[in-house]
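2 protein chains.
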Amino acid sequence: MKFTVEIDVMPLKEILDPQGKAVKLGLGHLGIENVQEVRIGRHITMTMQAKDEKEARATVEKACEKLLSNVIMETYTYTIKEQKTVGRK
Amino acid sequence: MKFTVEIDVMPLKEILDPQGKAVKLGLGHLGIENVQEVRIGRHITMTMQAKDEKEARATVEKACEKLLSNVIMETYTYTIKEQKTVGRK
Chain A
1 MKFTVEIDVM
11 PLKEILDPQG
21 KAVKLGLGHL
31 GIENVQEVRI
41 GRHITMTMQA
51 KDEKEARATV
61 EKACEKLLSN
71 VIMETYTYTI
81 KEQKTVGRK
Chain B
101 MKFTVEIDVM
111 PLKEILDPQG
121 KAVKLGLGHL
131 GIENVQEVRI
141 GRHITMTMQA
151 KDEKEARATV
161 EKACEKLLSN
171 VIMETYTYTI
181 KEQKTVGRK
């Protein structure tokens, strides 16, 4: 089975996000003053083969823990969707 | 009204994504061989005040076009959700 995975890696709430602060400042320079908080992280999309969703989930967890996020400073969320092949078995 | 906005900025499909390629290689070193494609972009969360969803949407579009994405190389998608205050008017 083929899966599409969408992962968001974000700085923890307790941790300062200078990139977000810079963007908020930049928005102010554009005349956008109604934004309160900006936080910036990474968005990762993947396609993968796995025998079922459980295996896909295990792979994603491993990838997030070991490579994609720094668990001390970041948190990750993900969604896994099966890619359906339309019109043939 | 208060809104939470989630924005994904991703490199266009036609454009090489060296960061994604590097991550795919890194996954291989971890023994994860079942991933086909990896693409990496930015995930931005914002909270904002606006009088209605239309105004919020206009602000987000302007922020994406002028600051958050480079429209020549990147594409953006976003979702806007109203923050409900529970238990008081």
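Respectively, the protein sequence lines represent chains A and B. Here the first sequence stands for residues 1 to 89, where the numbers follow our numbering. Here the second sequence stands for residues 101 to 189, where the numbers follow our numbering. Where a beta carbon is used, it is the ideal one built from N, C-alpha and C, also for glycine. For clarity, every value in this text was computed on a predicted model and none was experimentally measured.
Paired residues, beta bridge with residue i - DSSP
i, result
"Arg-157(B)", "Looking at the DSSP assignment, Arg-157(B) forms no beta bridge with any residue, so it has no partner."
"Thr-175(B)", "Met-110(B)"
"Gly-41(A)", "His-143(B)"
Cβ-Cβ distance between residue i and residue j below 8 angstroms
i, j, result
"Val-86(A)", "Gly-41(A)", "no"
"Met-101(B)", "Lys-151(B)", "yes"
"Leu-214(B)", "Leu-67(A)", "Lying before the first or after the last residue shown, residue 214(B) is absent from chain B, which here runs from 101 to 189."
"Met-73(A)", "Leu-12(A)", "yes"
Three-state class that DSSP yields for residue i in the structure shown
i, result
"Gly-131(B)", "coil"
"Val-105(B)", "strand"
"Gln-183(B)", "coil"
Residue-chain proximity (residue i, chain A), Cβ-Cβ < 8 angstroms
i, result
"Gly-126(B)", "yes"
"Asp-108(B)", "yes"
"Arg-157(B)", "no"
"Thr-179(B)", "no"
"Ile-132(B)", "yes"
"Thr-185(B)", "no"
"Ile-144(B)", "yes"
C-beta neighbour in chain B for residue i, strict 8 angstroms
i, result
"Ile-40(A)", "yes"
"Met-48(A)", "yes"
"Leu-67(A)", "yes"
Cβ-Cβ separation, residue j to residue i (assumed contact under 8 angstroms), whole Å
i, j, result
"Ile-80(A)", "Val-5(A)", "5 angstroms"
"Met-65(B)", "Val-71(A)", "Limits of chain B in this structure are 101 at one end and 189 at the other, which puts residue 65(B) out of reach."
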